[in-house]
Each structure stands twice: as structure tokens, then as C-alpha cells.
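Structure, as C-alpha cells:
Protein chains: 4
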Amino acid sequence: MKKKSKLIPSMIKDERLIEQRRQQIIEGAVRLFVKKGFYKTTTREIAKECGLSIGTMYEYIQTKEDVLYLVCEYIHSELEKRLLKVMNEEDSGIESLLKSLKKLFCAMDEMRSLVLLIYQETKSLPRDKMKYVLSKEEEITNLFVRILEKGMKDGTIQIDASSINLMAHNIMVIGQMWTFRHWALGREYDLEEFTKRQMSLLLGQFTAGGEWNAGDPT
Amino acid sequence: MKKKSKLIPSMIKDERLIEQRRQQIIEGAVRLFVKKGFYKTTTREIAKECGLSIGTMYEYIQTKEDVLYLVCEYIHSELEKRLLKVMNEEDSGIESLLKSLKKLFCAMDEMRSLVLLIYQETKSLPRDKMKYVLSKEEEITNLFVRILEKGMKDGTIQIDASSINLMAHNIMVIGQMWTFRHWALGREYDLEEFTKRQMSLLLGQFTAGGEWNAGDPT
Amino acid sequence: MKKKSKLIPSMIKDERLIEQRRQQIIEGAVRLFVKKGFYKTTTREIAKECGLSIGTMYEYIQTKEDVLYLVCEYIHSELEKRLLKVMNEEDSGIESLLKSLKKLFCAMDEMRSLVLLIYQETKSLPRDKMKYVLSKEEEITNLFVRILEKGMKDGTIQIDASSINLMAHNIMVIGQMWTFRHWALGREYDLEEFTKRQMSLLLGQFTAGGEWNAGDPT
Amino acid sequence: MKKKSKLIPSMIKDERLIEQRRQQIIEGAVRLFVKKGFYKTTTREIAKECGLSIGTMYEYIQTKEDVLYLVCEYIHSELEKRLLKVMNEEDSGIESLLKSLKKLFCAMDEMRSLVLLIYQETKSLPRDKMKYVLSKEEEITNLFVRILEKGMKDGTIQIDASSINLMAHNIMVIGQMWTFRHWALGREYDLEEFTKRQMSLLLGQFTAGGEWNAGDPT
DNA sequence: CATGAATGAGCATTCATTCAT
DNA sequence: CATGAATGAATGCTCATTCAT
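Order-wise, the sequence lines are chains S, L, P and D.
Here our numbering is used: the first residue of the first sequence is 1042, the next is one more, and so on.
Here our numbering is used: the first residue of the second sequence is 1042, the next is one more, and so on.
Here our numbering is used: the first residue of the third sequence is 1042, the next is one more, and so on.
Here our numbering is used: the first residue of the fourth sequence is 1042, the next is one more, and so on.
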């Protein structure tokens, strides 16, 4: 359960200090990355924004990309925390799904620019760090896999077993689109409307796995 | 129907030459952007890759960002071209939807790295150019809006009128996720499987717009 | 009396054409040099401004500096033309001086930005071209030398013989300062006032070559 | 009395270091500007000449034009310093004038290439910086205005009150011409000769403000 | 631990000039 | 004679990172 970014070495011994300084760095960097993007933000700006000197900042990271990694990790953990908060062992599958969907949309709205950031900048990470970020993305996706499986077991959700994984990804993407398509969706729907309609559409998928794929239409 | 990028001024007078050289530039740049991303690609590299001298390349563009714009424009028009190819006035709404969904997934697969590129780099465009790219994205989305409307009129598709727009966006996003979630989806599904399941799920949404939003589950 | 810039070779045979095209070039270039200075003006801009293609322009010059030379030569000859116009063999020395001073100030005002141009950009000329321009400057200065000598001969002007040259330079400089100190002088004096006062001051110098240099005041 | 160039921001915090490094930059740049002019001097050359790396140099300036500004400012303050050195409250107006004229010519000779530099390159400054340089030029000119006024008050100098300003400008220009007309003057006069004659001519102007402007000679 | 001055490889872009058509 | 596309060396400037204090 340790989340400490052991991935990123530091010159400093005092673990507590590392934790605290890195949090400063993350908060400063997030503001700048959201505003200007990763590439257009300079390390000097980050240092200034988070109230550290350049030298000091570099005691806690090794490269600029480390900052991006810290930021991505933070955003993901923040998102996961929110979803876990509404998870409840005793809920039925469908109850759990409804609750977590609601929370998902809500979180996507609250963390809109942050999630967008992950979307846009993950690709700027070096291969190894990117893997960690993607695996975290998968971990969160798996939260929905487990909910769907629970629903299948307790009979509250019907879905083709081999579509569960896909459905979980769909849910994540439908949630995230509120961030990366907000330029269009925001003009037509507010969060409430968006949530209601998307939930309605998603849940419609659990009733009829209809036989549409009759014949090749091409 | 002329699409010539009049947005981007050129020092050269011969329109035919502009067209041709810019196509060279696009092709070279796409290869590099896909491989290394926009920021990590050098203008010199682009020039070399497309067989022009740096000076000559700059006769056909004004800034590096112009190259990105040309690339995005090209990708979008390529995608639109493919979708328009399967559009047929005489098809019923549902037939049209089935065909174009199929084509969408197919195109997303063929143009996987290209569409991914748009996804990741649109944000690197300057504001004004970004607008054009997003409006093109919307234009393509509207292709699906029109198909859904047709289906509603001819009774082959049932959907809440005020969800049509949302549904069109969902379709686009479900298609695009094959590119930006391929790192996960590609492990579990091949294109055929992905297509079949997504179409099945999507079409399930046209049968029951069920009343799930009963009470607040939070 | 030949003014043709034989200094600058051309690819073209037709002398009349050379004359005409070069005049075009000069007129275009002057406008731009006055506005932006020599270095910040590009050859392309010059070509455009004078209505020639870059290629054609280069048929009539060899380098960008040639254009500057043509321009300087033109301005100097224009200035000389004006001064010569008021020269009259029959005038006495002092009459001639009064007339030509008046004309000098008047010309400096009319050609203010042009003379300023010579002042600021002569130094950008290559050594050999610069020499020609400076020798032209001297030629014009010598106009005043001759006037002063005439005045000494006919007794209408008193001045130490070995100060004549200096005085001629002073006259030129006092005239030119209307161009290069106009940022300050223009606030306090209009051309008429400036002319009257300077003439008054200058002419005061011909009465008393007083013995002020009594002892070293330092 | 602090003159520190607060106009030009620096990345460096240590004010003492800024002062010192900028002096290095000025000295290196002056040598090169004098030799090759502003435009033909490269930022890399400046850095090399003043013994800084290009990166370090840019920590102390923002643009190449800043270097030119620093240089102009330095030259002006150097010139002013020399003139102020011979100013003495107790001298009469005419004494003060004689001393400062002598010093002016002397300084113009010692700083010949520097003053020439200001003359030729001020126009290369961006508008706002140019204003400062011109205002400094005016400030120095005003030194002579004050001397003339003093002479009028104590009766040692006779001059039309509304010509004082003009006369001060004339003095400056007569001094500066030793730099920008040295190509001609240097052939005929040495500094001593030039000084003696110019002082003689200038002082002649304080005796007779003669009535030469009788009738319009044009 | 903290600081911030120093570094220089690297980048996007320009522009005088040429030369094939 | 006229044209304008092509060229690439050269330029001003940036910025991630280091390291002496």
C-alpha cells in the first residue's frame, strides 16, 4: 500500500522531507502543466511556482520528466481514492455500479483539467515511466471489471463474460470524454444531464446484447 | 470542395507546387511525429525526412506548428473520406449506421497511429489552428448525428432526441479508443472481436433507454 | 557629369533599361530603408516594393549593399542638385553664401529622412563604396569652400584662410543636424526659426575671429 | 546617483555580480561594435570576447539589443563624467564655457570611436531604449544650456535667450563632428588645431548677433 | 540540505544569393 | 531579359542540468 515514488531516486535521506517537497513540486507543476502543457513549462518556472530553488528541486527529482511522472501518479491516485471511497462490500453489483459511475462522472468533472493533463501528456513520459502510468490506468479500469463481475455473480448485471473487460474500458472512456471532449459536450450538456444520459445509455447495454451482427453489412 | 490549406500562407506562387510539396511535408512529418512526437521532432529532421532543404520547407510553411496543422488536417480529411465512401443515400438509418460503424472501426485500425497522433498533439496547436481541427472533429461527429436522425425518421433507430448528439460523440470515442487504449485492448481483442462487441453494445442502447436513474444511489 | 553608377556592374546590356530599373530600385529601397533601416529590410521586400521580381532585381545589382550604395548616391546627387540650382556666378560671395545656406536648410528639411538615412547607414557600406559616398560628401562640402573663398576674394567675407575648410564642414554639419537632432530641435523650433537663428549665428563668425584663446583655461 | 540599468532585467539575483558581468559584456561588445558594427557582430562573438559562455551572457541580458543599450548608456555616462569633472560652481560663465568646451573636444578625441558608435547605432535600438539614450544625450546637452545661462546672468556671455538651446546643440554637434567627420577633418587638423579654431569660431558668435538676415536672398 | 550561477548543445527560423527554366 | 523556387550557412536565443559554495 506504500505509494511513495520509490521509482524516482532522490539525493535526500529524510523520507518525510521527500514526501513533503515532492507534494510541493506536484502542486506547482500541475498548475503550470494545465495552463501551458508539459513542454512549454520550464523547470525554472516549476521551481519558482512551487517555492523551491532550482537546485533544491533537483535534489528531489532527477529529470523534468520525473516531475511529469509525479504529477500523473498523483492524479491517478487522487482519482482512485475517490472511486474507492464509494466502494462498499455489501452493495450489490448493480448498486455498486450505479454509485461508482456517478462518482466517476463527478470526479471527472472535479478533476477535469487534471485528467485531461494525463490524457495529453502521458505520451511525453519515457517508456518505463509510461508503463507505470498505464498500469495504474488499468488498475483503475479493473475496479469496474470487479464491479461487473460481482454483478454477474449476484445476478444484478447481465453481460457477456468476455465483454466485461471491454465494458470496463468503455466506462472509463465515457467518463474521460467529459474532459477531452468538453469543448463540444460542455456546450450542450451540464454535468448532471451528461451523467444521467450516459448512465442511461450504459445501463441499456446490460439488457439486450442483441443479435444485430447478422450478416456483414459492408 | 476545395480543401487547400489557405490558412497557411506560403512564399511560393505556384499553387500546384504548394499542394505537392506540402504533401511531401505531411508524409515526412507524420512518420516522425508518430515515432517521436511533435516536440521531440526537429524541423531539420522533418525537412530531411521529406526530402526538402530546411530553407525550401520554410517556403511552404511559416512555423513548425503549421506542419502539425497540415498533418492534423490531412488525417481528419483522410478519415472523413473513408466514412463518406460508405455513406449511401438509399440505405435506411440502421443500415447506414451499421456500415459506417464497421467502417469507423476499420479506419481506426488502419489509421491507428495517425488518429492517435491527432489525439495526442492537437493540444500543441496554437489556439486558432486548434479551433479548426476541433471543428473538423465535430464535422465528422456530425456524420453520425445525421445517420441517427435518419434512423429516427425512418423508424429503424430508437433514441431519445436529445441524446443523439451525445450518442454521436460516444460512437466517435468508442472508435477512437481503439487507438488510444490499444495498449490494453490489443492484448485482449483483435479488430474483428473488438468491432463485433462494440457494435453489439452500441446497438443494445437503441432498444432500451431504460429507467435506471431511479433515485440517487450515492 | 556622368552620374551613371558604373561602379556597380549589371548583367544587362541596355543602358537605358539599367538606368530605369535602378531608379525603380532606389525609390522602393529608400521607402523601406527610411522606415526600417538597411539591415532590417530584406532583398525580397525591396524587390516587391519596387515592383521587380527578386531575380530581375539581381540582374541590375550584385549585392544588397549595392542597393544601399545606389540609394546614398541618389540622395547625395539630389542634395547637390538643389544646392547647385541656387549657385550663380554673378553673385558676390556673401550673397552666394546667404542663398546657399537658405537652400541648404530648406533641402535638409525637405529631404530630412533621406539625409538621415545617409547619416545612419553609410557605415553599412563596404569600404570601397563608402569611400565614394564620403568623397561625394566632401564634394558637396567643397561647394561651401568655394563660396567662402569667393567671398574672401571679393571682400564680402572675412575669415581666417586656414579655417575655411573647417567652416565649410561646420556649415554642412549645422545643416545636417536638422535631420539627426530633429527629435530635440523639432520640439523647439520650426524650420524658419531654425534657419534664421543658425544663419545669424554662422554669420556672426565672420565679423570677429576674436582673441578668446588667451591662456589655457583648463 | 545610482545608475544601475534597472531597465534591463536579469535572471541573476546578486546585484554586484550583475554590475560586474555587465561591465565585462560592455567592454567586449564595445570592441566588436567599433570594429564591425552592431549588426555584423554575433552574440556568440560578444560572449567569447567578454569571456562568458553564451548561456551565461544571456543570464545578464535579454536580447542582443540590450547589449547595445548597455554600451550606449556606458558611453554616455563616461562622457558626462568627464564633462562634470571640469564643472566648477565658482567659475564665471565664460570660464566655465571655455573649460568645458576644451574638455568636450578632448573627450571627443579620447572617446572618438565610442562616440561614433553611439552616433551610428542608436537607431538600431528598440524605440523605448532609444528614448532613454536620446534623453541622456539631451541631459548632456543641457549641461551647456546651464553654462550659457550662467554666463548670461553674470554678464560674461551675450546671446539671444531663445538661441541658448540651439547653441547648446550646436556645441554638442561641433564636438561630435570630430568623430563622425574625422575621415575628412583628421586629414587637415590635429586635435589642438581643431579645438583652437572651433573655440574661436564659437566664441565669435557671442559678440555679434549681427543683422545679416536683411531681405530674402532666395 | 539549500542555493543559484554557469554551461553549451540544441532549436526554430531567416535571408542573401543562385540558376534552371 | 525575366522569373521565382531552391539553398543552407548563419543567427539569436533557450533551457535542462550540474556543481561549487
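For each residue, glycine too, the CB sits at the ideal point set by N, CA and C.
Keep in mind it's a predicted model, so treat the numbers as computed, not measured.
Per-residue burial, D/TRP1224 [other beta carbons within 10 Å of its own, 16 or more giving buried]: Against the fourth sequence, residue 1224 of chain D aligns to sequence position 183. Counting Cβ neighbours within 10 Å, D/TRP1224 comes out exposed, since fewer than 16 surround it.
List, in chain order, every chain S residue whose beta-carbon is nearer than 9 Å to that of L/SER1154. What you label residue 1154 of chain L is simply residue 113 of the second sequence in a count that begins at 1. None at all; the shortest Cβ gap to chain S is about 12 Å.
Does L/ASN1129 have its Cβ less than 9 Å from a Cβ in chain S? What you label residue 1129 of chain L is simply residue 88 of the second sequence in a count that begins at 1. It does not; no Cβ of chain S falls within 9 Å.
Mind listing the chain D neighbours of P/ALA1225? Cutoff is C-beta to C-beta under 7 Å, in chain order. The residue you call residue 1225 of chain P lines up with position 184 of the third sequence. Going along chain D in sequence order, the residues near P/ALA1225 (Cβ under 7 Å) are GLU1179, HIS1210.
Say the cut is 8 Å; is the CB of P/LYS1122 nearer than that to a heavy atom of the ligand GDP? With respect to the ligand GDP, the structure shown offers nothing to examine, as it has no ligands at all.
Among the residues of its own chain, which have a CB less than 8 Å from the CB of L/GLN1217, if the five just before and after it don't count? As a first step, residue 1217 of chain L is located in the second sequence; it is residue number 176 there, counting from the start. The answer, listed in chain order, is MET1149, VAL1156, TYR1160.
Cβ distance (whole Å) where P/ILE1102 is taken to contact P/ILE1188 below 8 Å: The residue labelled residue 1102 of chain P in the question sits at position 61 within the third sequence. The residue labelled residue 1188 of chain P in the question sits at position 147 within the third sequence. Not confirmed; about 36 Å, so no contact.
The alpha helix (DSSP H) enclosing P/MET1152, as first and last residue numbers: Position 111 of the third sequence, counted from the first residue, corresponds to residue 1152 of chain P. Segment: none, P/MET1152 is in no alpha helix (DSSP H) and carries neither H nor E.
Can you say whether D/ASN1211 is buried or exposed, counting buried as having 16 or more other CB atoms within 10 angstroms of its CB? The residue labelled residue 1211 of chain D in the question sits at position 170 within the fourth sequence. By the neighbour-count rule (16 or more Cβ atoms within 10 Å), D/ASN1211 is buried.
The alpha helix (DSSP H) with D/MET1052 in it runs from where to where? Position 11 of the fourth sequence holds residue 1052 of chain D. From DSSP, D/MET1052 is part of no alpha helix (DSSP H); its letter is neither H nor E.
Distance CB(P/THR1168)-CB(D/VAL1214) smaller than 9 Å: Stepping through the third sequence from its first residue, residue 1168 of chain P is reached at position 127. Stepping through the fourth sequence from its first residue, residue 1214 of chain D is reached at position 173. Note that residue 1168 of chain P is Arg in the sequence shown, not Thr. No, the Cβ-Cβ distance between P/ARG1168 and D/VAL1214 is not below 9 Å.
With DSSP as the reference, label L/GLU1180 as helix, strand or coil. Taking the first residue of the second sequence as position 1, residue 1180 of chain L is located at position 139. The answer is helix: DSSP assigns L/GLU1180 an H, G or I state.
Keeping to the same chain, check which residues put their C-beta closer than 7 Å to that of P/GLU1086; ignore five residues upstream and five downstream. One-based indexing of the third sequence puts residue 1086 of chain P at position 45. Excluding residues within five positions, the ones whose Cβ falls inside 7 Å are LEU1073.
Rounded C-alpha distance that separates S/GLU1179 from S/GLN1061: Translated into positions along the first sequence, residue 1179 of chain S becomes position 138. Translated into positions along the first sequence, residue 1061 of chain S becomes position 20. Roughly 27 Å between the two C-alpha positions.
Quick check: what's the CA-CA separation for S/VAL1108 versus S/MET1152? Translated into positions along the first sequence, residue 1108 of chain S becomes position 67. Translated into positions along the first sequence, residue 1152 of chain S becomes position 111. Those two C-alpha atoms are separated by around 19 Å.
Less than 6 Å between C-beta atoms, sequence neighbours within five positions excluded: which residues of the same chain meet that for P/THR1197? Looking up residue 1197 of chain P in the third sequence gives position 156. Cβ within range, chain order: SER1133, GLY1134, ILE1135.
Measure the Cβ-Cβ separation of S/SER1137 and S/LYS1191 and say whether it is below 9 Å. The sequence position of residue 1137 of chain S within the first sequence is 96, counting from 1. The sequence position of residue 1191 of chain S within the first sequence is 150, counting from 1. Their beta carbons are under 9 Å apart, which means S/SER1137 touches S/LYS1191 by this criterion.
Mind checking if P/THR1220 is an interface residue toward chain D, Cβ cutoff 9 Å exclusive? Here residue 1220 of chain P refers to the residue found at position 179 of the third sequence. It does not: the Cβ of P/THR1220 has no partner Cβ on chain D nearer than 9 Å.
Would P/GLY1245 pass as an interface residue toward chain D - the criterion being a Cβ-Cβ separation below 9 Å? As a first step, residue 1245 of chain P is located in the third sequence; it is residue number 204 there, counting from the start. Judged by the 9 Å Cβ criterion, P/GLY1245 is in contact with chain D.
Using beta-carbon positions only, say whether P/GLU1068 and P/LYS1170 come within less than 9 Å of one another. As a first step, residue 1068 of chain P is located in the third sequence; it is residue number 27 there, counting from the start. As a first step, residue 1170 of chain P is located in the third sequence; it is residue number 129 there, counting from the start. The answer is no: Cβ separation not under 9 Å.
Any chain S beta carbon closer than 9 Å to L/VAL1112: As a working mapping, residue 1112 of chain L is identified with position 71 in the second sequence. With 9 Å as the cut-off, L/VAL1112 does not count as an interface residue toward chain S.
Quick check on L/ARG1057: buried or exposed, where buried means 16 or more other Cβ atoms within 10 Å of its Cβ? Against the second sequence, residue 1057 of chain L aligns to sequence position 16. So L/ARG1057 counts as exposed.
Per-residue burial, L/MET1052 [other beta carbons within 10 Å of its own, 16 or more giving buried]: Here residue 1052 of chain L is taken as the residue at index 11 of the second sequence, counted from 1. The residue in question, L/MET1052, is exposed, as its Cβ has fewer than 16 Cβ neighbours within 10 Å.
Pick out whichever of D/GLY1078, D/GLN1065, D/TYR1110 has its Cα sitting closest to the Cα of D/GLU1090. Here residue 1090 of chain D is taken as the residue at index 49 of the fourth sequence, counted from 1. Of the listed residues, the one whose Cα sits closest to D/GLU1090 is D/GLN1065.
Classify P/LEU1110 as helix, strand or coil using the three-state DSSP reduction. Residue numbering aside, residue 1110 of chain P sits at position 69 when the third sequence is read from its first letter. This sequence places Tyr at residue 1110 of chain P; Leu is not what is there. Residue state, collapsed to three classes: helix.
Residue closest to L/PHE1079, alpha-carbon to alpha-carbon, out of L/ILE1181, L/ASP1201, L/LEU1242, L/LEU1166: For the purposes of this step, residue 1079 of chain L is taken as residue 38 along the second sequence, with counting starting at 1. For L/PHE1079, the nearest C-alpha among the options comes from L/LEU1166.
Closest Cα partner of P/VAL1127 within the set P/LEU1145, P/TYR1115, P/TYR1230: Against the third sequence, residue 1127 of chain P aligns to sequence position 86. The option with the nearest alpha carbon to P/VAL1127 is P/LEU1145.
Is it buried or exposed, L/THR1104, if we count other Cβ atoms within 10 angstroms and call 16 or more buried? Here the question's residue 1104 of chain L lines up with position 63 in the second sequence. Its Cβ having fewer than 16 others within 10 Å, L/THR1104 is exposed.
Could you please tell me which residues of the stretch 1182 to 1202 of chain S, in chain order, have their CB closer than 8 Å to any CB of chain L? THR1182, ASP1201
Tell me, please, whether the CB atom of D/SER1118 is closer than 9 Å to any CB atom in chain P? Within the fourth sequence, numbered from 1, the residue matching residue 1118 of chain D stands at position 77. D/SER1118 does not count as touching chain P.
Could you check the C-alpha separation between P/ALA1070 and P/THR1097 for me, to the nearest Å? Against the third sequence, residue 1070 of chain P aligns to sequence position 29. Against the third sequence, residue 1097 of chain P aligns to sequence position 56. Straight-line Cα distance between these residues: approximately 15 Å.
Are the C-beta of S/GLY1078 and some C-beta of chain L separated by less than 9 Å? On the first sequence, position 37 is the one that residue 1078 of chain S refers to. Chain L contact via Cβ: present.
What span of residues does the alpha helix (DSSP H) with L/GLU1090 cover, start to end? Taking the first residue of the second sequence as position 1, residue 1090 of chain L is located at position 49. Here the alpha helix (DSSP H) through L/GLU1090 covers 1084 to 1090.
Using a C-beta cutoff of 9 Å, does P/TYR1230 count as contacting chain D? Working through the third sequence from its first residue, we reach residue 1230 of chain P at position 189. So yes, P/TYR1230 belongs to the interface.
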